[in-house]
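Structure, as structure tokens:
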Amino acid sequence: MGITGNLTSDQLQSFNSQGYLVIESFANPEEIDAMMKRMEQLLDDFDCSSTASIFSTKNQQKLTDNYFFESSEKISFFFEEKAFGEDGNLQQPKELSINKVGHALHEHDPVFKKFSSSEKFSSMLLSLGYKRPVVIQSMYIFKQPGIGGEVVPHQDNSFLYTEPTTCTGLWLALEDATIQNGCLWAIPGSHKNGLVRRFLRGEQGVYFDRPFPSYDQKDFVPIEVKAGSLVIIHGDLIHQSFENQSPKSRHAYSLHVVDTDGCKWAQDNCVAYAYACGLELGWLQNG
Numbered sequence: 078m079g080i081t082g083n084l085t086s087d088q089l090q091s092f093n094s095q096g097y098l099v100i101e102s103f104a105n106p107e108e109i110d111a112m113m114k115r116m117e118q119l120l121d122d123f124d125c126s127s128t129a130s131i132f133s134t135k136n137q138q139k140l141t142d143n144y145f146f147e148s149s150e151k152i153s154f155f156f157e158e159k160a161f162g163e164d165g166n167l168q169q170p171k172e173l174s175i176n177k178v179g180h181a182l183h184e185h186d187p188v189f190k191k192f193s194s195s196e197k198f199s200s201m202l203l204s205l206g207y208k209r210p211v212v213i214q215s216m217y218i219f220k221q222p223g224i225g226g227e228v229v230p231h232q233d234n235s236f237l238y239t240e241p242t243t244c245t246g247l248w249l250a251l252e253d254a255t256i257q258n259g260c261l262w263a264i265p266g267s268h269k270n271g272l273v274r275r276f277l278r279g280e281q282g283v284y285f286d287r288p289f290p291s292y293d294q295k296d297f298v299p300i301e302v303k304a305g306s307l308v309i310i311h312g313d314l315i316h317q318s319f320e321n322q323s324p325k326s327r328h329a330y331s332l333h334v335v336d337t338d339g340c341k342w343a344q345d346n347c348v349a350y351a352y353a354c355g356l357e358l359g360w361l362q363n364g
């Protein structure tokens with residue numbers, strides 16, 4: 078397959094069977110370089126003393142912080158849990174302390190918006206059956222060397238729920254992702270079992286509607302990929318990543334897409350916002 082994004086019948090069969098698909102060389106070196114350099118600029122301009130919001134991928138503490146909720150329409154910076162010492166100060170430079178930057182890079186930054194709205198994305202989503210896709214969330218993930226936090230097993234549809242479910246994760250490796258530096262892991266075929274639980278937002282705050290399931294780690298397989306590879310993730314696929322205890326970072330740019338054609342955004346989602354907050358890939362509306 079070329080880099081246009083059109084999926085072959087074999088690729089679609091693999092995605093439907095496994096719940097994920099790796100497309101090598103989806104992004105070229107120039108695109109990767111542009112996004113990484115742009116993030117360097119954003120970090121240089123970021124005043125880390127302005128916020129101490131610590132992003133926890135392990136226990137969902139992030140969702141008790143208003144800073145996180147407001148980030149759905151902004152470009153916000155989140156620290157690693159282990160970035161601070163007991164004295165409350167950063168233990169390393171800020172560029173090595175950030176967990177991620179999100180969640181509206183695709184809306185408010187020209188470099189990331191250009192890539193997120195590229196035709197190869199629309200072609201690929203058309204191949205997956207989308208009619209009017211919207212990028213609902215974007216994030217630049219650093220997976221810092223030595224302190225990059227784990228992401229526990231989860232399904233994307235738990236957090237970005239539509240009726241019917243339509244969420245797809247698009248995870249682009251900006252650097253090589255290996256077992257050593259915290260690559261993705263997934264349970265192949267787990268998407269066929271449907272959505273296990275949802276993360277809801279009610280009057281009393283946010284909560285899961287069911288207990289955390291028990292998973293056998295032997296069922297997970299690593300998804301090691303080269304820089305430029307795109308991992309397409311079904312919204313019901315159970316996936317995770319471990320801490321990065323290596324000396325190498327694992328930068329990635331991640332998008333979440335939902336369909337707006339005949340689908341309804343659930344008002345009790347943990348992040349309650351309208352489709353208007355997303356980047357609509359409008360050229361698919363008529364095609």
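Numbering (this note's numbering), first residue to last: 78 to 364.
Note that beta-carbon positions come from the ideal geometry of N, C-alpha and C, so glycine has one too.
Being a predicted model, the structure only gives us computed values, none of them experimental.
State the Cα-Cα distance for the pair P170 and Y330, rounded to the nearest angstrom. In the sequence shown, residue 170 corresponds to position 93, counting from 1. In the sequence shown, residue 330 corresponds to position 253, counting from 1. P170 and Y330 have their C-alpha atoms roughly 21 angstroms apart.
What first and last residue would you give for the alpha helix (DSSP H) that runs through F192? For the purposes of this step, residue 192 is taken as the residue at position 115 of the sequence shown. Bounds of the alpha helix (DSSP H) holding F192 are P187 to S193.
If we ignore side chains and look at the alpha-carbon of each, how far apart do Q168 and E157 end up? Working through the sequence shown from its first residue, we reach residue 168 at position 91. Working through the sequence shown from its first residue, we reach residue 157 at position 80. Roughly 11 angstroms separates the two Cα atoms.
Contact belief for S204 with L84 at Cβ below 8 angstroms, rounded distance in angstroms: In the sequence shown, counting from the first residue as 1, residue 204 sits at position 127. In the sequence shown, counting from the first residue as 1, residue 84 sits at position 7. In this structure S204 touches L84 by the C-beta definition: roughly 4 angstroms separates them, less than 8 angstroms.
So within the region 178-234, which uninterrupted beta strand (DSSP E) runs reach at least 3 residues, ignoring any that extend past its ends? Counting whole runs of 3 or more residues, the region 178-234 contains the beta strand (DSSP E) stretches 210-218 and 228-231.
Give me, in chain order, the residues of the same chain whose beta-carbon lies closer than 6 angstroms to that of G359; leave out the 5 immediate sequence neighbours on both sides. Your numbering for residue 359 matches position 282 in the sequence shown. In this predicted model, G359 has a pLDDT of only 41, less than 50, meaning its place in the structure is not dependable enough to derive any value.
So, are the CB atoms of K177 and F146 less than 9 angstroms apart? Numbered from 1 along the sequence shown, position 100 holds the residue referred to as residue 177. Numbered from 1 along the sequence shown, position 69 holds the residue referred to as residue 146. Going by C-beta atoms, K177 is not nearer than 9 angstroms to F146.
Using alpha carbons as the reference points, say which of S199, L247, Q95 and D296 lies closest to V308. By 1-based counting over the sequence shown, the position of residue 308 is 231. Closest in alpha carbon position to V308, among S199, L247, Q95 and D296, is L247.
Give the DSSP-derived three-state secondary structure of N83 in the structure shown. Translated into positions along the sequence shown, residue 83 becomes position 6. In the structure shown, N83 sits in coil (DSSP, three-state: anything other than H, G, I, E or B).
Have a look at S215 and S102 and give me their C-alpha separation to the nearest angstrom. For the purposes of this step, residue 215 is taken as residue 138 along the sequence shown, with counting starting at 1. For the purposes of this step, residue 102 is taken as residue 25 along the sequence shown, with counting starting at 1. S215 and S102 have their alpha carbons spaced roughly 20 angstroms apart.
Spell out a yes or no on whether the region 249-258 and the region 316-326 are touching, meaning 3 or more CB-CB pairs, one atom from each, closer than 8 angstroms. By the C-beta criterion, the region 249-258 is judged to be in contact with the region 316-326, since at least 3 inter-stretch pairs fall below 8 angstroms.
Which of helix, strand or coil DSSP assigns to R278: Walking along the sequence shown from the start, residue 278 turns up at place 201. Assigned with DSSP and collapsed to three states, R278 falls in strand.
Given a cut-off of 9 angstroms on the beta-carbon distance, is the pair H231 and G96 in contact? Sequence index remark: in the sequence shown, residue 231 carries index 154 (1-based). Sequence index remark: in the sequence shown, residue 96 carries index 19 (1-based). Going by C-beta atoms, H231 is not nearer than 9 angstroms to G96.
If distances are taken between C-alpha atoms only, which option among S291, R275 and E108 comes closest to F285? Mapped onto the sequence shown, residue 285 falls at position 208. Proximity to F285 across S291, R275 and E108 peaks at R275, based on C-alpha coordinates.
Own chain residues within Cβ distance below 8 angstroms of T239, not counting five before or after: As a working mapping, residue 239 is identified with position 162 in the sequence shown. Within the same chain, and ignoring the five residues on either side of T239 in sequence, the residues whose Cβ sits closer than 8 angstroms to its Cβ are V335, D336, C340, K341, W342 and A343.
3-residue-minimum beta strand (DSSP E) runs that sit fully inside the region 249-276, ordered along the chain: Within the region 249-276, the complete beta strand (DSSP E) runs of at least 3 residues are 261-263.
D253 and E196 closer than 9 angstroms at C-beta: As a first step, residue 253 must be located in the sequence shown, where it is residue number 176. As a first step, residue 196 must be located in the sequence shown, where it is residue number 119. Taking C-beta atoms as the reference points, D253 and E196 fail to come closer than 9 angstroms.
For the putative contact between A160 and I224, defined by C-beta atoms under 8 angstroms, what is the C-beta separation to the nearest angstrom? Residue numbering aside, residue 160 sits at position 83 when the sequence shown is read from its first letter. Residue numbering aside, residue 224 sits at position 147 when the sequence shown is read from its first letter. Contact holds; Cβ gap of about 6 angstroms.
Give me the Cα-Cα distance between G79 and N346, rounded to the nearest whole angstrom. As a working note, residue 79 is residue 2 in the sequence shown. As a working note, residue 346 is residue 269 in the sequence shown. In this prediction, G79 scores a pLDDT of 38, lower than 50, which makes its location untrustworthy; the coordinate-derived value is nonetheless stated afterwards. So the two alpha carbons sit approximately 36 angstroms from each other.
Provide the residue(s) that pair with E240 in DSSP beta bridges, ordered along the chain. Along the sequence shown, one-based indexing puts residue 240 at 163. K341, per the DSSP bridge assignment.
Please return the same chain residues whose Cβ sits closer than 7 angstroms to the Cβ of R278, not counting the five positions on each side in sequence. By 1-based counting over the sequence shown, the position of residue 278 is 201. Excluding sequence neighbours, R278 sits near D345, N346, C347 and A349.
From which residue to which residue does the beta strand (DSSP E) around D121 run? Taking the sequence shown and counting its residues from 1, the one referred to as residue 121 is at position 44. DSSP places D121 in no beta strand (DSSP E) but in the uninterrupted alpha helix (DSSP H) bounded by P106 to D122.
Measure the CB-CB distance between N234 and D313 and report whether it falls below 9 angstroms. Stepping through the sequence shown from its first residue, residue 234 is reached at position 157. Stepping through the sequence shown from its first residue, residue 313 is reached at position 236. Yes, the Cβ-Cβ distance between N234 and D313 is below 9 angstroms.
Neighbourhood of A351 by C-beta distance below 8 angstroms, restricted to the same chain and skipping five residues each side: Start at 1 with the first residue of the sequence shown, and residue 351 comes out as number 274. Residue placement at A351 is poorly supported in this model, since its pLDDT is 48, which falls under 50; the coordinates still yield a value, given next. The beta carbon of A351 sits closer than 8 angstroms to the beta carbons of W342 from its chain, once the five residues preceding and following it are set aside; these are given in chain order.
Who are the Cβ neighbours of M113 in its own chain at under 7 angstroms, not counting the five residues just before and after it? Counting from 1 along the sequence shown, the entry for residue 113 is found at position 36. The residues L251 and H328, in chain order, have a CB closer than 7 angstroms to that of M113 in the same chain once the five nearest residues on each side in sequence are set aside.
In three-state terms, what does DSSP make of S153? Here the question's residue 153 lines up with position 76 in the sequence shown. In this structure, S153 counts as strand in the three-state DSSP scheme.
Taking only the alpha-carbon atoms, compute the straight-line gap between V298 and Q90 and give it to the nearest angstrom. Sequence index remark: in the sequence shown, residue 298 carries index 221 (1-based). Sequence index remark: in the sequence shown, residue 90 carries index 13 (1-based). The C-alpha of Q90 is placed about 19 angstroms away from the C-alpha of V298.
For a test of your reading of the model: does the CB of V178 fall under 8 angstroms from any non-hydrogen atom of the ligand COA? Yes or no. Because no ligand of any kind appears in the structure shown, any question about the ligand COA cannot be addressed here.
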